[in-house]
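Student:
2 protein chains.
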Amino acid sequence: MADVSRRLFVKGAALGAATLSTAGILAACASEAKPAAEEPKADAEPQTQAPAADVLTPTKAPSADTASNFEAMPDSITTVGTTYENLLAAIEGETGATAKYTAYAEAADKEGFDQIARLFRCTADAEKIHIELEYNLAKEIDPATEKPEPPTIEPHGSGVNLISGANGEIYETSDMYPSFIKKAQEEDNQKAVQVFTRAKLAEAYHAERYLDAYNTIDTPSDDTYYLCPICGYIHKGENFTACPICLAPKESFTAY
Amino acid sequence: MADVSRRLFVKGAALGAATLSTAGILAACASEAKPAAEEPKADAEPQTQAPAADVLTPTKAPSADTASNFEAMPDSITTVGTTYENLLAAIEGETGATAKYTAYAEAADKEGFDQIARLFRCTADAEKIHIELEYNLAKEIDPATEKPEPPTIEPHGSGVNLISGANGEIYETSDMYPSFIKKAQEEDNQKAVQVFTRAKLAEAYHAERYLDAYNTIDTPSDDTYYLCPICGYIHKGENFTACPICLAPKESFTAY
Chain A
2 MADVSRRLFV KGAALGAATL STAGILAACA SEAKPAAEEP KADAEPQTQA
52 PAADVLTPTK APSADTASNF EAMPDSITTV GTTYENLLAA IEGETGATAK
102 YTAYAEAADK EGFDQIARLF RCTADAEKIH IELEYNLAKE IDPATEKPEP
152 PTIEPHGSGV NLISGANGEI YETSDMYPSF IKKAQEEDNQ KAVQVFTRAK
202 LAEAYHAERY LDAYNTIDTP SDDTYYLCPI CGYIHKGENF TACPICLAPK
252 ESFTAY
Chain B
2 MADVSRRLFV KGAALGAATL STAGILAACA SEAKPAAEEP KADAEPQTQA
52 PAADVLTPTK APSADTASNF EAMPDSITTV GTTYENLLAA IEGETGATAK
102 YTAYAEAADK EGFDQIARLF RCTADAEKIH IELEYNLAKE IDPATEKPEP
152 PTIEPHGSGV NLISGANGEI YETSDMYPSF IKKAQEEDNQ KAVQVFTRAK
202 LAEAYHAERY LDAYNTIDTP SDDTYYLCPI CGYIHKGENF TACPICLAPK
252 ESFTAY
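Protein sequences appear in the order of chains A and B.
First residue of the first sequence? That's 2 in this note's numbering, and the numbers climb one at a time after it.
First residue of the second sequence? That's 2 in this note's numbering, and the numbers climb one at a time after it.
1. Closest to A90 of chain A by CA distance: which of A:T60, A:F181, A:S159, A:P144 is it?
2. For N137 of chain B, count neighbouring C-beta atoms within 10 Å of its own C-beta (all shown protein chains included) and say buried if the count is 16 or more, exposed if not.
3. Given 8 angstroms as the limit, is there contact between the segment 169-183 of chain A and the segment 227-235 of chain A, that is, 3 or more CB pairs closer than that?
4. Look at the alpha carbon of H157 of chain B and the alpha carbon of A108 of chain A, and state the distance between them as a whole number of angstroms.
5. Does Q191 of chain B pass the burial test, meaning 16 or more other C-beta atoms within 10 Å, or should it be called exposed?
6. Counting C-beta neighbours from all protein chains within 10 Å, is the total for D55 of chain A 16 or more, i.e. buried, or is it exposed?
7. Nearest CA to the CA of S222 of chain A: which residue from A:F114, A:E133, A:I171, A:L248?
8. Whole angstroms is fine: what's the gap from Y102 of chain B's alpha carbon to P75 of chain B's?
9. Flag V262 of chain B as yes if its beta-carbon sits less than 8 angstroms from any beta-carbon of chain A, otherwise no.
10. Chain B partners of L212 of chain A, CB-CB under 7 angstroms?
11. Three or more C-beta pairs closer than 8 angstroms, one from the segment 112-127 of chain B and one from the segment 207-226 of chain B: is that the case here?
12. Where in the segment 188-217 of chain A do unbroken runs of the alpha helix (DSSP H), each at least 4 residues long, occur, reported from the N-terminal end onward?
13. How many Å lie between D213 of chain B and P245 of chain B at the Cα?
14. With DSSP run on the structure shown, which of helix, strand or coil describes D55 of chain A?
15. Run down chain D in chain order and give the residues with a C-beta less than 7 angstroms from the C-beta of M74 of chain A.
16. Taking 7 angstroms as the limit between beta carbons, can you name the residues of its chain near I78 of chain A, skipping five residues before and five after?
17. Could you tell me which of B:A256, B:L134, B:P63, B:H207 sits nearest to T174 of chain B, measuring between CA atoms?
18. Run through chain B and tell me which residues come within less than 7 angstroms of P104 of chain A, C-beta to C-beta.
19. How is the beta strand (DSSP E) around I171 of chain B delimited, first residue to last?
20. Taking C-beta pairs closer than 7 angstroms, name the residues in chain B that N240 of chain A reaches, listed in chain order.
21. So is P156 of chain B in contact with chain A if we call contact Cβ pairs under 8 angstroms?
22. Would a check of beta-carbon distances place D219 of chain A closer than 8 angstroms to chain B?
23. Can you say whether P59 of chain B is buried or exposed, counting buried as having 16 or more other CB atoms within 10 angstroms of its CB?
24. Given a cut-off of 8 angstroms on the beta-carbon distance, is the pair T96 of chain A and P151 of chain A in contact?
25. Could you tell me which residues DSSP pairs with Y227 of chain B in its beta bridges?
26. For K111 of chain B, count neighbouring Cβ atoms within 10 angstroms of its own Cβ and tell me buried if that reaches 16, exposed if not.
27. With respect to the alpha helix (DSSP H) encompassing A127 of chain A, which residues constitute its N-terminal and C-terminal limits?
28. Within a Cβ cutoff of 7 angstroms, which residues of the same chain sit near A15 of chain B, ignoring the five residues on either side of it in sequence?
29. Need the endpoints of the alpha helix (DSSP H) that T99 of chain B sits in, please.
30. Do the segment 193-205 of chain A and the segment 192-207 of chain B make contact, defined as three or more Cβ pairs closer than 8 angstroms?
31. Judging by CA-CA distance, which residue of B:A185, B:I92, B:I130, B:N162 is the nearest neighbour of N70 of chain A?
32. For S64 of chain B, I'd like the list of residues in its chain whose CB is within less than 8 angstroms of its CB, leaving aside the five on either flank, ordered along the chain.
33. Here's the rule: buried if 16 or more other CB atoms are within 10 angstroms of the residue's CB, otherwise exposed. What is K184 of chain A?
34. Skipping 5 residues on each side, what residues in its chain have a beta carbon closer than 7 angstroms to that of R210 of chain A?
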């Protein structure tokens, strides 16, 4: 049974409190505050209805031992080898993803999709983080390990590119990494468990971000994407204080 | 080239204005308002940093003729027939999805995943809306059309069920419906174009909601899911005024 007692999001923190207390303040000093008080009155309906933003405030990093989304798909298509072989396979997968997203970012630029171009660039850099983590670990096992050459990618239109990206991320988060994590646990390779776990968790967020970008392809926002430099998690917008995967603070994130 | 000038989300409407003006009000009447004023001061840091919620305020329904996410996947696996045959195939697909999500909701209940159970129930009802739209149209072409029997579904764990659901929705939004829409356009069957278009757009949001639920499986929120009774769009939380697919007002939505 999963621990479902924790809440990562808190409702708008003091923003909500400030809004609630505004009514009381206005009642207490309506005459002094008239000019300021007229702003919210001008659009009174949304003032009471518009919700405060949820702010992601994680306090505990998920663990492969206890999280509820680490089961590999029943019809798994992943070939599982030793953890060293799995590291090589993961590096190859992440290298392909990096090449894809770099090409997709250029295609989005050409089509005028700024939001999508920024997301693909951010995600390409996220996958480079995974490559470095996995490559360093593989070199600990065999110092002669070399990085593969990136493939050449022919992008399609940005809509198709986003779906292609989402499909790849979903495969990695739901099948490849869960299978590799299980093997690393069997080998009691805790470093590999941690590296694969962080990548697995990040890929699922990438897929969600791709679908959001797909749904808003013609109605994009100018929200900033933020990349966690430790694990490759990507956040969209300002409403977070730390990484939900590794707890790195927002201040350490890179903006796109 | 897509029209990317439109913004569907507006930043927190009057909520932001109320928050901004609070400082002025506090300055103007600090002594009268002390008890209320202390609430925001107790957590002053987030008060200035916490963003207002984005509020989805759509004003224009997307069209298959102009939207940028209607291209079918280049490696399409969809068998395209006449629009009548495509309606039957869509009804069969949606009937399978409804049966899956109903079984997945029961599995989530048993595992104690309330957020996921609500989402699967909401999505099952969304697919029933698509079935009715497609069935009514198929009956206009052939009054003898009958609905298929739903399949029997054996659910897995909720993590796997969410991924299975997301994969199905992504296939429908990116391959099946775009292929059927293209055929309906060729046949100049505008009713079918509209029914398939709304279903296509709704499925992409369903996939995004499934990935959100997957990512927050152990840190769920108690946010309400809202189902559009016209097209099957699903919103999570309060921050919207109308359906981004068909513009139905929030007041007409069903809560889960």
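A virtual CB, placed ideally from N, CA and C, is assigned to each residue, including glycine.
Tutor: Concretely, from the data shown:
1. Against the first sequence, residue 90 of chain A aligns to sequence position 89. Here the closest residue by C-alpha is A:F181.
2. The count along the second sequence starts at 1 and reaches residue 137 of chain B at position 136. Here N137 of chain B is exposed, its C-beta having fewer than 16 other C-beta atoms within 10 Å.
3. Contact between the segment 169-183 of chain A and the segment 227-235 of chain A is absent: fewer than three C-beta pairs spanning the two stretches fall below 8 angstroms.
4. If you number the second sequence from 1, residue 157 of chain B lands on position 156. If you number the first sequence from 1, residue 108 of chain A lands on position 107. Rounded to whole angstroms, the gap between the alpha carbons of H157 of chain B and A108 of chain A is 38 angstroms.
5. To locate residue 191 of chain B, count along the second sequence from 1; it is residue 190. Exposed, by the Cβ-count rule.
6. Counting from 1 along the first sequence, the entry for residue 55 of chain A is found at position 54. Buried.
7. Taking the first sequence and counting its residues from 1, one reaches residue 222 of chain A at position 221. When only C-alpha atoms are compared, the closest one is A:F114.
8. Numbered from its first residue, the second sequence carries residue 102 of chain B at position 101. Numbered from its first residue, the second sequence carries residue 75 of chain B at position 74. Going from the Cα of Y102 of chain B to the Cα of P75 of chain B covers about 28 angstroms.
9. With chain B represented from 2 up to 257, any question about residue 262 of chain B goes unanswered, as that position is not in the structure.
10. In the first sequence, counting from the first residue as 1, residue 212 of chain A sits at position 211. Those are A205, A208, E209, L212, listed as they occur along chain B.
11. Yes: at least three Cβ pairs fall under 8 angstroms.
12. As summarised for the segment 188-217 of chain A, the continuous alpha helix (DSSP H) elements at least 4 residues long and confined to that stretch are 191-216, given in chain order.
13. Numbered from its first residue, the second sequence carries residue 213 of chain B at position 212. Numbered from its first residue, the second sequence carries residue 245 of chain B at position 244. Between the alpha carbons of D213 of chain B and P245 of chain B lies a gap of roughly 19 angstroms.
14. If you number the first sequence from 1, residue 55 of chain A lands on position 54. The answer is strand: DSSP assigns D55 of chain A an E or B state.
15. Absence of chain D from the displayed structure is noted, the protein chains being A and B.
16. What you label residue 78 of chain A is simply residue 77 of the first sequence in a count that begins at 1. Hits under 7 angstroms: D176.
17. Looking up residue 174 of chain B in the second sequence gives position 173. Closest in C-alpha terms to T174 of chain B, from the list B:A256, B:L134, B:P63, B:H207, comes B:H207.
18. Along the first sequence, one-based indexing puts residue 104 of chain A at 103. Residue 104 of chain A is actually Ala in this sequence, not Pro. The contacting residues do not exist; A104 of chain A stays about 15 angstroms from chain B at best.
19. The residue labelled residue 171 of chain B in the question sits at position 170 within the second sequence. Premise fails: I171 of chain B lies in the alpha helix (DSSP H), 159-172, not in any beta strand (DSSP E).
20. For the purposes of this step, residue 240 of chain A is taken as the residue at position 239 of the first sequence. What N240 of chain A touches in chain B, judged by beta-carbon distance under 7 angstroms, is P52, going in chain order.
21. Counting from one through the second sequence, the residue named residue 156 of chain B turns up at place 155. No, P156 of chain B lies away from the interface with chain A (no Cβ there is under 8 angstroms from its Cβ).
22. Position 218 of the first sequence, counting from 1, holds the residue named residue 219 of chain A. The beta-carbon of D219 of chain A is placed less than 8 angstroms from the nearest beta-carbon of chain B.
23. Position 58 of the second sequence, counted from the first residue, corresponds to residue 59 of chain B. Buried, by the Cβ-count rule.
24. Start at 1 with the first residue of the first sequence, and residue 96 of chain A comes out as number 95. Start at 1 with the first residue of the first sequence, and residue 151 of chain A comes out as number 150. In contact: T96 of chain A and P151 of chain A (Cβ atoms closer than 8 angstroms).
25. Taking the first residue of the second sequence as 1, we reach residue 227 of chain B at position 226. Y227 of chain B is bridged to B:H236, B:A256.
26. Locating residue 111 of chain B in the second sequence gives position 110, counting from the first residue. Flag for K111 of chain B reads exposed.
27. If you number the first sequence from 1, residue 127 of chain A lands on position 126. Here the alpha helix (DSSP H) through A127 of chain A covers 115-142.
28. Taking the first residue of the second sequence as 1, we reach residue 15 of chain B at position 14. Note that A15 of chain B scores 36 on pLDDT, short of 50, meaning its location in the model is unreliable; the coordinates nonetheless yield the value given after this. Excluding sequence positions up to five before and after A15 of chain B, its CB lies less than 7 angstroms from no other CB in the same chain.
29. Stepping through the second sequence from its first residue, residue 99 of chain B is reached at position 98. For T99 of chain B, the enclosing alpha helix (DSSP H) has its first and last residue at 84-112.
30. Contact between the segment 193-205 of chain A and the segment 192-207 of chain B is absent, because fewer than three Cβ pairs lie under 8 angstroms.
31. For the purposes of this step, residue 70 of chain A is identified with residue 69 of the first sequence, where counting begins at 1. For N70 of chain A, the nearest C-alpha among the options comes from B:N162.
32. As a first step, residue 64 of chain B must be located in the second sequence, where it is residue number 63. Hits under 8 angstroms: T198.
33. Here residue 184 of chain A refers to the residue found at position 183 when the first sequence is read from its first residue. Buried: at least 16 other Cβ atoms inside 10 Å.
34. In the first sequence, counting from the first residue as 1, residue 210 of chain A sits at position 209. Contacts found: L120, I235, K237.
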